[in-house]
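For the record, in the first sequence the residue sitting at position 234 is 245 according to the working numbering, with numbers rising by one throughout.
All residues carry an ideal CB built from backbone N, CA and C; glycine is no exception.
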Amino acid sequence: MADITITLPDGNQRVYPAGVTCAAVAEDISKSLAKKAISCTINGEHRDLSRVIEADADVAIHTMQDEAQALELIRHDCAHIMARAVQELWPDVKVTIGPVIDNGFYYDFDRQEPFSSEDLTEIEKKMREIINKRDPVTTEIWDRDRAIKFYEANKEPYKVELVGMIPEGQDIRMYWHGHWQDLCRGPHLAHTGQVPADSFKLMSVAGAYWRGDSNNQMLQRIYGVAFKNKEDLRAYLHMLEEAEKRDHRKLGKSMDLFHLQEEAPGMVFWHPNGWAVYRVLEDYMRRRLTDADYKEIKTPQVVDRKLWEASGHWDKYRENMFITEIDEEHANEKRVNALKPMNCPCHVQIYNQGLKSYRDLPLRLAEFGSCHRYESSGSMHGLMRVRGFTQDDAHIFCTEDQIETETGRFIGLLSRIYKDLGFETFEIKLSTRPEVRVGSDEIWDKAEAALTRAIDNLGLPYEVDPGEGAFYGPKLDFKLTDAIGREWQCGTFQADFNLPERLGAEYIGEDGHKHRPVMMHRAILGSFERFLGILIENYSGKFPLWLAPRQVVVASIVSDADNYVLEVVEKLKSFGLRAEADIRNEKINYKVREHSVGKVPVILAIGKKEVEDRTVSLRRLGEKSSDVIGLDETVELLVKEATPPDLR
RNA sequence: GCUGCUGUAGCUCAGAGGCAGAGCACUCCCUUGGUAAGGGAGAGGUCGAGAGUUCAAUUCUCUCCAGCAGCACCA
């Protein structure tokens with residue numbers, strides 16, 4: 012048999028007969044490595060130790076020290092061990108698939124009765140038994156017919172389907188965890204005992220469609236998390252608790268920002284505190300847009316179906332629209348209206364008033380556009396996905412030649428705004444022409460190139476998502492990263508060659524002839540509701556002073572200070588600060604606690620001394636100490652800090 | 001929309017086929033207290049909505065509504 016050369020990560024080369032296994036290579040390198048080895052990487056592919064190497068290759072042997080590989084194996088084996096546990100407990104359950112996901116794994120089962128939380132405890136117990144058996148994990152490659160017959164005999168219809176889906180020429184790899192068998196591409200640990208028995212936890216059961224298709228059978232998915240050791244698991248569970256604390260739905264309640272109720276699902280009732288933040292954000296956005304030469308407009312909420320038919324929404328978007336029928340007394344037929352789900356058709360109506368010249372372009376029409384969409388019941392989530400919302404929407408009517416400049420200007424505006432709102436970094440995704448589209452290839456070439464050049468000119472990195480553009484034009488999506496590393500797609504910048512055509516928008520060019528403008532749909536926050544949800548979670552409710560709903564509470568320590576407290580509050584208010592007095596008959600400890608829980612950024616405590624010296628004792632949220640400073644100095648300090656970033 | 005779970009005081013939650021419970025919040029009284037809960041008393045409920053079983057249902061069953069987790073959806 013021919014010899015092959017194996018190159019190790021340190022550059023060392025070793026020669027072995029072709030067909031050598033990775034385990035043998037590890038054994039050859041050192042006994043201790045062989046003992047610790049869990050898997051290997053062959054030419055960049057993560058594989059089992061039992062994998063044979065047939066030709067020259069780059070090989071790395073992994074141990075539990077290799078975080079990424081170790082976690083992948085632990086989680087993947089956990090999924091299999093869970094499936095085995097389930098089938099040992101309930102042999103008639105059918106197995107399907109069970110991949111590794113962030114922090115853990117899941118496995119989808121077909122079972123008549125739902126899994127209960129007691130069942131999960133049972134399964135966990137059984138999993139630990141399996142781990143303690145230290146059953147070897149083995150693998151074989153089978154041919155298709157044999158695998159199909161095997162699964163038919165075992166009454167595993169989903170596995171039969173999966174085998175059928177494996178492309179011709181690809182190995183059909185069968186795994187055994189002890190006596191239990193599964194179809195899998197691997198890799199796996201060498202035996203079940205390598206999975207740490209104390210570092211995994213089954214988290215929840217939920218429905219999931221077979222192969223992700225809502226036309227298919229619904230299966231039961233059990234989610235689990237798994238780590239290298241107990242400490243990591245504990246840290247993860249702790250992190251979950253912390254994330255729960257910043258949930259905007261919880262903070263919305265405790266900070267008295269907004270509520271939702273049964274009679275208006277998906278529609279927000281903004282309370283005074285929440286609306287204060289909303290307005291600060293809206294005012295800020297309005298100033299930024301004005302600075303950037305946008306013209307603000309306002310268009311109707313309820314619009315006749317004729318316009319939606321013309322725009323194409325009646326055809327493609329009707330399921331998501333709130334539709335109203337009005338019986339007019341003498342009308343021949345019912346008048347059918349829809350609440351606008353988008354602002355664009357209305358904006359074109361404003362554009363279409365009066366003949367436009369190329370000299371009017373680019374025309375940037377902005378609206379804080381209140382929209383309604385009938386979102387499916389299961390998709391709503393606090394402020395993040397609602398049925399009634401307001402977009403920071405705008406449409407830029409321009410020529411094809413202006414797309415590049417407008418893109419650059421837009422990204423400049425967007426990054427300025429994200430930065431002001433506390434988000435330093437964002438990612439850009441460029442989605443290019445899909446199969447089905449409108450507009451000539453020439454226009455698409457031009458538009459895609461213009462978007463690309465604009466990002467390049469700014470020196471920003473971006474990702475291309477080929478074929479993911481809208482049917483009406485290419486687009487840029489902007490994703491920001493919050494304080495705990497989650498990504499949110501907020502901004503969007505989309506070229507549209509379709510709507511101007513459908514709704515008959517035109518302008519007179521330099522040549523004296525009529526032309527079609529391009530319409531750029533764009534948003535920076537997305538919707539105010541969702542963005543406020545993101546802001547609440549990003550800051551954990553601890554807003555910077557300019558955004559905080561309640562900025563300052565002035566609290567008396569003794570009732571003799573009440574008059575001075577009221578005076579201080581009036582003074583702060585006269586400078587535009589959102590200040591309140593707390594002269595309740597309570598101890599200062601009580602007041603400090605209550606306002607800290609309410610996330611008020613600044614508490615000014617006032618006792619006898621402060622009254623005499625005309626000072627305040629300033630305490631910031633989360634800090635233990637306080638500073639005694641003069642009243643005028645305090646006002647100056649707070650006013651400066653509460654000034655929105657664009658006015659500083 | 002689908003699967004599962006949940007719905008009890010303003011909030012967080014306990015409870016049980018037979019008079020509805022706690023803590024916090026609220027009101028009143030005492031207390032004037034120096035930076036995360038001072039003490040006492042009181043008030044507060046159609047147990048999500050409707051139907052059924054039962055001598056009796058907030059509790060059991062069914063339907064609906066809403067919320068939560070996930071899936072699907074997000075031209």
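| query | result |
| --- | --- |
| As a quick exercise: from Ser-426, Pro-178 and Ala-590, pick the residue whose alpha carbon is nearest that of Gly-502. | Ser-426 |
| Count the other CB atoms within 10 Å of the CB of Asn-549; is the residue buried (16 or more) or exposed (fewer)? | buried |
| According to the neighbour-count rule (16 or more other Cβ atoms, all chains shown, within 10 Å of its Cβ), is Met-250 buried or exposed? | exposed |
| Which residues bound the alpha helix (DSSP H) around Trp-455? | 452 to 468 |
| Got a sec, what are the start and stop residues for the alpha helix (DSSP H) Pro-28 sits in? | No alpha helix (DSSP H) contains Pro-28, which is instead part of the beta strand (DSSP E) from 24 to 28. |
| Does DSSP put Asn-114 in a helix, a strand or coil? | coil |
| By Cβ distance below 6 Å, which residues in the same chain neighbour Val-611 in space, the five residues on each side in sequence not counted? | Arg-561 and Val-564 |
| Within the continuous beta strand (DSSP E) that includes Phe-504, where are the two ends? | 498 to 507 |
| So is Ser-567 buried or exposed if we call it buried at 16+ other beta carbons inside 10 Å? | buried |
| Got a sec, what are the start and stop residues for the alpha helix (DSSP H) Cys-33 sits in? | 33 to 40 |
| By DSSP, does Ile-53 sit in helix, in strand, or in coil? | strand |
| Taking the beta carbon of Glu-378 as the centre, do at least 16 other beta carbons fall within 10 Å, making it buried, or is it exposed? | buried |
| Does the distance from the CB of Val-529 to the CB of Phe-482 come in under 8 Å? | no |
| What residues in its chain sit with their C-beta under 8 Å from that of Val-171, if we drop five residues either side in the sequence? | Ile-159, Tyr-162 and Glu-163 |
| Quick check: the Cα distance between Arg-396 and Met-531, rounded to an integer number of angstroms? | 24 Å |
| State the Cα-Cα distance for the pair Trp-286 and Ile-361, rounded to the nearest angstrom. | 29 Å |
| Nearest to Gly-633 by alpha carbon, out of Lys-351, His-606 and Thr-401? | His-606 |
| What does the Cβ neighbour count give for Asp-488, buried or exposed, with the cut at 16 atoms within 10 Å? | buried |
| Where does the unbroken beta strand (DSSP E) through Phe-400 begin, and where does it stop? | 399 to 409 |
| In the structure shown, what three-state DSSP assignment does Gly-484 receive? | strand |
| Can you tell which of Asp-113, Val-70, Ser-585 and His-87 has its C-alpha closest to the C-alpha of Val-650? | Ser-585 |
| Pick helix, strand or coil for Asn-240, following the three-state DSSP scheme. | coil |
| Give the range of the alpha helix (DSSP H) segment to which Lys-440 is assigned. | First-last for Lys-440: 437 to 442, but that is the beta strand (DSSP E), not the alpha helix (DSSP H). |
| Buried or exposed for Thr-335, going by 16 or more other Cβ atoms inside 10 Å? | exposed |
| Quick check on Trp-221: does DSSP put it in helix, strand or coil? | helix |
| Counting Cβ pairs, one atom from each stretch, are 3 or more of them under 8 Å apart for the region 26 to 35 and the region 53 to 60? | yes |
| Hey, Leu-471 and Cys-355: beta-carbon distance below 8 Å or not? | no |
| Out of Lys-457, Val-359 and Glu-255, state which residue places its alpha-carbon closest to the alpha-carbon of Ile-547. | Glu-255 |
| For His-190, count neighbouring C-beta atoms within 10 Å of its own C-beta (all shown protein chains included) and say buried if the count is 16 or more, exposed if not. | exposed |
| If contacts are defined as beta-carbon pairs under 8 Å, then Leu-230 and Asp-119 qualify, I think. What distance do you get, rounded to the angstrom? | 4 Å |
| Give the single residue among Ile-183, Gly-197 and Ala-616 whose Cα lies nearest to the Cα of Arg-595. | Ala-616 |
| Please classify Asp-593: is it buried, with 16 or more other beta-carbons within 10 angstroms of its beta-carbon, or exposed? | buried |
| Apply the 10 Å Cβ neighbour rule to His-188 and answer buried if 16 or more other Cβ atoms are within range, or exposed otherwise. | buried |
| Give every residue of the same chain whose Cβ lies closer than 8 Å to the Cβ of Lys-264, excluding the five residues on either side of it in the sequence, and list them in chain order. | His-270 |
| Which term fits Leu-658, buried or exposed, when burial requires 16 or more other beta carbons within 10 angstroms of its beta carbon? | exposed |
| Look at the alpha carbon of Ala-458 and the alpha carbon of Val-291, and state the distance between them as a whole number of angstroms. | 35 Å |
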